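**Student:**
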Amino acid sequence: MRLFDLRPHCFVFLVSALLLGSLSLLEADEFKIENTQDPKDQATSAEQTVKNMTVPEGFKVDLFASEPDVHQPIGFAIDDRGRLWVAECFTYEAHGVYQDQYQDRIVILEDTDGDGQMDQRKVFWQGQGPLTSVSVGSNGVWALCRGELLYIEDKNHDDVPDGEPQVLLEGWNYKTVRHNIVSGLTWGPDGWLYGRHGITDSSLVGTPETEPSRRTLIHCGIWRYHPHRKIVEEVSSGTTNPWGFDYDEYGQMFFTNNVNGHLWHMIPGSHYIRMSGHGSDPNPYAYELMTKCADHDHWDSSSGKWTDSRDTSGVHGELGGGHSHCGGMIYLGDNWPAKYRNSIFLCNTHGHRVNNDALVREGSGYKGTHRPDFLLTGSDWFRGIELKYGPDGAVYLSDWADLGECHDHDGVHRTSGRIYKVSYGKPTFPGKIDLNKLSDSELVKLQLHPNDWYVRHARRILMERAGESENWNQAKAELLKIFETNRDVSRRLRAMWTLFCMNQVNDAWLTKQLQDPNEHVRIWAIRYLVDDDQVPASAVKEFARLAKDEKSGLVRFYLASALQSLPESDRWEIASALDAHHQDTEDRNFTLMLWYGIEPAVMADSDAALHYLKHATRPLVRQLVARRLTEDIDQHPEYVKSLVQQVIDTKDIEVKQDLLTGMQAALEGRLKAETPGNWNALKQQAEKTDSKELQELVTGLSVVFGDGQTMEVLKKIAMDQDQPMKSRYQALESLLNNSQDKDLLPVIQQAAYTTELQVLAFRGLSRFYDPKTVERMLGRYRNIKHQGRLALMDTLCSRKEYVLLLLAAIDKKQVPQEDVSAFHVRQLRNFKDKAVVAKLNQVWGLTRETPEKKRAQIEGYKTLLTAERLQHADRVKGRALYEKTCAKCHRLFGSGGNIGPDLTGSNRTNMDYLLENMVDPSALIPKGYEMVVVALEDGRVLNGNVVRKTDQQLTLQTQTELMVLDRRQIEEMSQSNLSLMPEGQLDKLSEQEIADLIAYLSGHSQVKLPESLESK
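Oh and the sequence shown: position 504 is 503 in numbering that gives the first Met the number 0, straight run, nothing missing.
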């Protein structure tokens, strides 16, 4: 018999609605929920979805639960009795706003007879959302809800909260983070509760009593909370929107992600590559970022934009289905065949499937290699969210059951939701279990169980009991016996983890384990010793020994990670020893972890940093240390002088080039810097070498240092028509990159008449007030090639005086009006000059529509863009329009820029998605990534996103280039509430042109480039 706690009339209503086929309105226990999905969109029934699924031979899929018993299952956990606790998120965002008119809830689902189907359901909690995650403990539930980490106590285990939720942490910016919301509560083998955070905002997090100045700033990445110490910390930063996290039987942690790589090896203190267009790492001195561990993508990333993979057709489907992933389970159960153990499974949103990657050791870390997709649904409505194995070893798989994706542009179908159970053969039903009723010794014995579900739950219970029990002698002795005598390292690790979580080991014992013969034990000894950043001197000494003698690259990786927890003075000896292991030299992630460890110590002890440089073996570390020392040249010119002396003293040309490359990166964009006293000696030395690369580095830096002689030589080369064009180009590029000298104008004026130099010349022209040259170029506009026109247009829109000349030229038909993009129009309005705005309105018309008008525009375009019209549209002409309006910033099918997201994998076949992003691109702007308007002292006005900011430099990503500005040039900088992507891109297109462009954007394959563009 199935038991429900819903009121009878509600249950009858639900069944009736299901029988009628369209469930648009559902009366839940105390509130009504409504679908905003188009009623014409009908989901495949849960039963039929299961029938359509394909899994490997020997597996079967059961429908554990579906609507009306479960809705919007955004997360779930399994308790100590094997029951599922499901977080139902009815308040999930619609058009960027969480729906507070609804309430979210936690429901308990149980299979009492072992037939694979839920037959008992209870509502445990209901309240204001958004609720995104739950984790069940012995006496209550942890939940992430409405920007808070809550604990809902249930000491008497009657499945009814004992009182109001306790707020453990607050400050998660759920309203601005939106679908990148904090999520994913998971217990680690260290006794910390781990979670995830997306990229669209950061959060200032702390306990309710913690004042803001003492709270922890959490960015995109992985964070953790300690339940006894009541502290939260960021573990890693970067990626886009992590939505899966787990660890293997050795405790190696991995997380899954969306858009810019699906699989990442999570090492504490790591800084990962972030989604393009979403700012830089929170540490401006990280400089370089670590990469994913997967050796593949689940879509054809070489073919273009990530947004294209959402159609899952063709090669995207063959490779795995698309760029978006939810959930991440490393299988450690005892029901599935052994070949799946320690491999990771993740749900592919656009591929409507479950991917499977093997985790293979490589270098100092791991790589994820692609395996055949594990489960295919064939259902457009499948939106897998989470996978977890239970006490019988079978896997529960939750399904949001909706169209669209995380953004839900096409409405939310709140009345659907499914949970499937995937098993191999017939799993053994464990019967009525409750691990909380077991003795300490029985829980210790479960550390030897082949199913890690028992292992993890038993460890957590023992950890919770540790705060209440006074005598742990027997349990401790039993765990030590496992650790000391068991031959299986995974069992030894389980014992070690449990002892640590129970607070039954001290620093002396952990330091001793640094000599253990197994690498994984040594790794966890390192991790535990730095867990509270209070590392004993004896352990630091052992770290230094290990750094010299350690044979395992993985252990060395964790030693590099541990540097960030040590006093700065203790880092150099360990870092030098790690650097001496040449087998890791080509391992970029290891090299960067080493850099992150020493970076704070570089300026704290420059003598130690310079000494380290003399023996450093890794080119990238040499460059980054030199860059950091040079960044503060204004305050510490003596550091740079010592650095230059090292360049002079070393005989290794590659070392010289690395150090100078770092210096050049530090001084990029600077107006001028103090010349080191020994610079001329280096110049003379470089002139005698055969290395052109070294000579070019010295020449570029000489320009920054204001060396008049070098500048004159470069000017002559740039202007000499007898010189090879490559030499002229390089000379002009060096001058423009490294000098703001007014004497450059004659060089630029001459170069503007040379086709091959025009792009550089026009960019350089923006720095000067030279209306005569501008007028001449406008007169020759139709003879200038495509790339030159783009560069000239940027310059024309950067100065008020040039803008008026441009608008006059449009009046005279010298310049086609359509060459002025919507981005340029918006930039012109930022001058806020009456003459400019009046002339602009005359030529272009008014811009900036109201939200209501934008919505009407979108609906109008949807009416226009019928399937029949798009079918007969000209995609070749559409590509021509794309190259003109979109390709500067976006890639599609491998063509275009990298400023904005790659569109190849996006939801391009969804008309709402396409039109909302084109008509109203500023609807969602991640906080901190808004466009800024920068006014320079020389009269220029620039628009762009701030990529990096230090006391000396501002790195600005404009629509066309990455610019490094000396902050002394900046007169004023203001923040806009607009996206870098402009509005009004469709306004000047005809109906047919709009159809052509949309047909190209929503297509499954590339088309040829129009001949008119090929010739340019």
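C-beta atoms are modelled at their ideal positions from N, C-alpha and C, and glycine is treated no differently.
Fair warning: this is a prediction, and the values are worked out from it, not measured in the lab.
Could you check what DSSP says for Gln503 in three-state terms: helix, strand or coil?
**Tutor:** coil
**Student:** Given this structure, state the Cα-to-Cα distance separating Asp873 from Asp995, to the nearest angstrom.
**Tutor:** 5 Å
**Student:** Can you tell me whether Pro770 is buried or exposed, with buried defined as 16 or more other CB within 10 angstroms of its CB?
**Tutor:** exposed
**Student:** For Ser641 and Ala760, I'd like the C-alpha separation in whole angstroms.
**Tutor:** Answer to the nearest angstrom: the Cα atoms are 36 Å apart.
**Student:** In the DSSP assignment, find the beta strand (DSSP E) that holds Asn942 and state where it starts and stops.
**Tutor:** 940-948
**Student:** Under three-state DSSP, which class holds Pro72?
**Tutor:** strand
**Student:** Strictly by DSSP, which residues pair up with Met602?
**Tutor:** In DSSP, Met602 forms no bridge with anything.
**Student:** Would you mind stating whether Leu331 and Val353 have Cβ atoms separated by less than 7 Å?
**Tutor:** no
**Student:** Does Arg847 pass the burial test, meaning 16 or more other C-beta atoms within 10 Å, or should it be called exposed?
**Tutor:** At Arg847, the pLDDT of 49 sits below 50, so the modelled position is not reliable and the matter cannot be decided from this model.
**Student:** To the nearest angstrom, report how far apart Thr954 and Asp937 are at their CA atoms.
**Tutor:** 18 Å
**Student:** Could you check the C-alpha separation between Lys1007 and Leu880 for me, to the nearest Å?
**Tutor:** 13 Å
**Student:** Using only CA atoms, which one of Leu509, Gln722, Asp706 lies nearest to Pro675?
**Tutor:** Asp706
**Student:** Would Gly194 and Leu262 be called neighbours here (beta carbons separated by less than 7 Å)?
**Tutor:** no
**Student:** What three-state label does DSSP hand Ser363 in the structure shown?
**Tutor:** coil
**Student:** Tell me whether the segment 566-575 and the segment 336-347 touch, counting them as touching only if at least three CB pairs, one residue from each stretch, are closer than 8 Å.
**Tutor:** no
**Student:** Judging by CA-CA distance, which residue of Gln974, Leu168, Leu437, Ala76 is the nearest neighbour of Leu396?
**Tutor:** Ala76
**Student:** Take Leu130 as the anchor and find which of Val814, Leu148, Met117 has the nearest alpha-carbon.
**Tutor:** Checked all of Val814, Leu148, Met117; the closest Cα to Leu130 is Leu148.
**Student:** Hey, Met917 and Gln984: beta-carbon distance below 7 Å or not?
**Tutor:** Cβ distance < 7 Å, so Met917 and Gln984 count as in contact.
**Student:** Using CA atoms only, rank isn't needed, just tell me which of Trp171, Glu518, Ser537, Glu882 is closest to Tyr557.
**Tutor:** The candidate whose alpha carbon is nearest that of Tyr557 is Glu518.
**Student:** Please give the ranges of any beta strand (DSSP E) in the segment 313-357, keeping only runs that are unbroken, at least 3 residues long and fully inside the region.
**Tutor:** 324-329, 343-347
**Student:** Following the continuous alpha helix (DSSP H) through Thr131, name the residue where it begins and the one where it ends.
**Tutor:** Element bounds for Thr131: not the alpha helix (DSSP H) but the beta strand (DSSP E), 130-135.
**Student:** From Pro516 to Glu248, what distance separates their C-alpha atoms?
**Tutor:** 18 Å
**Student:** Among Ser989, Asp99, Asn736, Gln533, which residue has its Cα nearest to the Cα of Glu817?
**Tutor:** Ser989
**Student:** Could you tell me whether the segment 942-951 touches the segment 798-817, where touching means 3 or more Cβ pairs closer than 8 Å?
**Tutor:** no
**Student:** Whole angstroms is fine: what's the gap from Val802's alpha carbon to Cys144's?
**Tutor:** 51 Å
**Student:** Compute the beta-carbon to beta-carbon distance between Pro226 and Leu192, rounded to the nearest angstrom, for a pair I have assumed lies under 8 Å.
**Tutor:** Rounded, the Cβ-Cβ distance is 6 Å, consistent with contact.
**Student:** Determine which residues share a DSSP beta bridge with Asp153 and list them.
**Tutor:** Partner(s): none; Asp153 has no beta bridge.
**Student:** Please identify the residue among Gly392, Val554, Asp986 whose C-alpha is closest to the C-alpha of Val819.
**Tutor:** Asp986
**Student:** Would you tell me roughly how many angstroms separate the C-alpha atoms of Pro618 and Gln813, rounded to the nearest one?
**Tutor:** 51 Å
**Student:** Would you list the residues sitting across from Asp1033 in a DSSP beta bridge?
**Tutor:** Missing from the structure shown is residue 1033; the chain here goes from 0 to 1015 and no further.
**Student:** So, helix, strand or coil for Val181, using DSSP?
**Tutor:** Secondary structure at Val181: coil, using DSSP grouped into helix, strand and coil.
**Student:** Opposite Lys121 in the DSSP bridges: which residues?
**Tutor:** Ile107
**Student:** Take every Cβ of the segment 431-439, pair it with every Cβ of the segment 96-110, and state whether three or more of those distances are shorter than 8 Å.
**Tutor:** no
**Student:** Using the three-state DSSP reduction, which class does Arg587 fall into: helix, strand or coil?
**Tutor:** helix
**Student:** Would you kindly work out how many angstroms separate the C-alpha atoms of Tyr97 and Asn179, rounded to a whole number?
**Tutor:** When rounded, the distance between both Cα atoms is 12 Å.
**Student:** Just checking my contact of Tyr860 with Ile969 at CB under 8 Å: how many whole Å lie between their CB atoms?
**Tutor:** No, Tyr860 and Ile969 are not in contact; Cβ-Cβ is about 39 Å, not under 8 Å.
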